[in-house]
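Okay, so here's the structure we're looking at.
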DNA sequence: ATTATTATTGAGACTCATTTTCAATGGTAT
DNA sequence: ATACCATTGAAAATGAGTCTCAATAATAAT
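Residue numbers (the working numbering), protein chains in the order written: chain A, 17 to 190; chain B, 17 to 190.
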């Protein structure tokens, strides 16, 4: 509690922010929306809609996908989450709370994804924002290439699928 | 010719590279593929499949969308083009030839897109690549925020659509 | 040249993420 | 209470991208 380190606390804080945003916009808060936020803040990982939906379903927190899709823009606007990238044919998000701003290093062959951070980036962001008069709220920096393993394997090496689209990934449920 | 500045020359050079790549991979070159490359190199702008398809159709260069979709991965693999970003619900590409490596500054409200370049980025790329043992072939750096105009207009300001998806953009053809 | 082999093509069917519609529900303010 | 209107779930719609398949064409072998 004092350390404010567990997800319940995080979620509470963020739910509060969200309530403010919602009110300010003249919208209404609902149990569904709070459940979604709680679930998002229960881990520190990237998520996508389908994943989130299934995670919730496993915990008997039943909210329709449509509502998840409808809530996400509100969460982005209120600054609780952000888009991290488009991969495997869909968007991935993460919550911002306590996340050190980080960038991604992606293998275009196997899809492996590392995170790193770099202070230089923050400086550039400020600098460019000032130069063009933009209010910059976030950034995305991705390095694309081949991981040590894939860089060796000839042949497979250069395979490209649009935005890392993974072939034969199915077994979904609705 | 000597200045090598017009698109015909560019396209020719790149078509040559493509032929090599195709041969090396045991595939076959075709008129369709060459037409696609020519068209891509005829401008210096970003493009998406639909746009490219329509541009070609206007010039009576008829190639099916399926073929365009099939050719793009080959072009990426052979290093002629690269994915620049996912926006408005689809991927955007650009050819690499003569493009100074640049980054994007995007307004999340009106979709305005500026380009800038920064040498610092190149250094970071090298540095991180070495650190993690990756062979890095390209990067994407996007700064997201609000342009001077949108930053002022209250209300509209924070509107977010997944990856800048533009509502009511239709009037497509097939 | 002719033929055999096999990659490529266009058309259309298909998949799947995301959005929209619509009727039912439920907060909120008077 | 009552009216108003945002929200919900379910299902239909949309649209980018992929796949299938029969027809065509590039290359290799004859």
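Quick reminder that beta carbons are idealized off the backbone N, C-alpha and C, glycines included. Bear in mind that the values here come from a model prediction, so they are computed numbers and not experimental data.
Which residue's Cα is closest to the Cα of residue 139 of chain A: A:152, A:109 and A:94? Out of A:152, A:109 and A:94, A:152 has the C-alpha closest to the C-alpha of residue 139 of chain A.
For the segment 136–162 of chain A, list every residue whose C-beta sits within 9 Å of some C-beta in chain B, in sequence order. If you check each beta-carbon in the segment 136–162 of chain A against every beta-carbon of chain B, the ones closer than 9 Å belong to 136, 137, 139, 140, 141, 143, 144, 145, 147, 148, 149, 150, 151, 152, 153, 154, 155, 156, 157, 158, 159, 160, 161 and 162.
Using 9 Å as the threshold, is the C-beta distance between residue 113 of chain B and residue 121 of chain A below it? Not closer than 9 Å, so no.
Determine, for residue 38 of chain B, whether the minimum Cβ-Cβ distance to residues of chain A falls below 9 Å. With 9 Å as the cut-off, residue 38 of chain B does not count as an interface residue toward chain A.
By the 7 Å beta-carbon criterion, what residues does the segment 92–122 of chain A contribute toward chain B? Within the segment 92–122 of chain A, the residues whose Cβ lies closer than 7 Å to some Cβ of chain B are 92, 93, 99, 102, 107 and 121, listed in chain order.
Counting only C-beta atoms, is residue 82 of chain A closer than 9 Å to chain B at any point? Taking a beta-carbon distance threshold of 9 Å, residue 82 of chain A does not count as an interface residue toward chain B.
Tell me which residues share the same chain as residue 94 of chain A and place their Cβ nearer than 7 Å to its Cβ, disregarding the 5 neighbours each side in the sequence. Closer than 7 Å at the Cβ level, and outside the excluded window around residue 94 of chain A, lie 33, 34 and 37.
Sorry if obvious, but does the Cβ on residue 45 of chain B come closer than 8 Å to a heavy atom of the ligand FMN? Among the components of this structure there are no ligands whatsoever, and the ligand FMN is therefore not found.
Strictly below 9 Å CB to CB, what residues from chain A border residue 167 of chain B? For residue 167 of chain B, the neighbours in chain A by C-beta distance under 9 Å run, in chain order, 149, 150 and 151.
Using a Cβ-Cβ distance cut-off of 9 Å, determine whether residue 31 of chain A contacts chain B. No, its Cβ sits nowhere closer than 9 Å to a Cβ of chain B.
Counting Cβ pairs closer than 8 Å, one from the segment 84–99 of chain B and one from the segment 56–68 of chain B, do we hit at least three? With the cut-off at 8 Å, the segment 84–99 of chain B and the segment 56–68 of chain B touch.
Terminal residues of the beta strand (DSSP E) in which residue 49 of chain A lies: Looking at the DSSP string, residue 49 of chain A is not in any beta strand (DSSP E); the run it does join, the alpha helix (DSSP H), is 47–57.
Return the residue from the list A:169, A:63, A:98 and A:131 that minimises the CA-CA distance to residue 125 of chain A. Distances from the alpha-carbon of residue 125 of chain A to those of A:169, A:63, A:98 and A:131 put A:169 closest.
Given a threshold of 16 other Cβ atoms within 10 Å of its Cβ, counted over all protein chains shown, does residue 42 of chain B qualify as buried or as exposed? So residue 42 of chain B counts as exposed.
Inter-residue Cα distance where the pair is residue 51 of chain A and residue 178 of chain B: Linking residue 51 of chain A to residue 178 of chain B through their CA atoms gives a straight-line distance of about 21 Å.
Proximal residues of chain A, C-beta to C-beta of residue 132 of chain B below 7 Å: What residue 132 of chain B touches in chain A: 144.
According to DSSP, is residue 179 of chain A part of a helix, a strand, or is it coil? Helix at residue 179 of chain A.
Please confirm if residue 88 of chain A has its CB atom under 9 Å from at least one CB of chain B. Closer than 9 Å: yes.
Below-9 Å beta-carbon distance, residue 177 of chain B vs any chain A residue: Yes, contact with chain A.
Along chain A, which residues have their Cβ under 9 Å away from the Cβ of residue 164 of chain B? Annotation: Cβ neighbours of residue 164 of chain B in chain A (cutoff 9 Å, chain order): 148, 149, 150 and 151.
Distance, residue 146 of chain B Cα to residue 45 of chain A Cα: Our two residues, residue 45 of chain A and residue 146 of chain B, have alpha carbons roughly 48 Å apart in a direct line.
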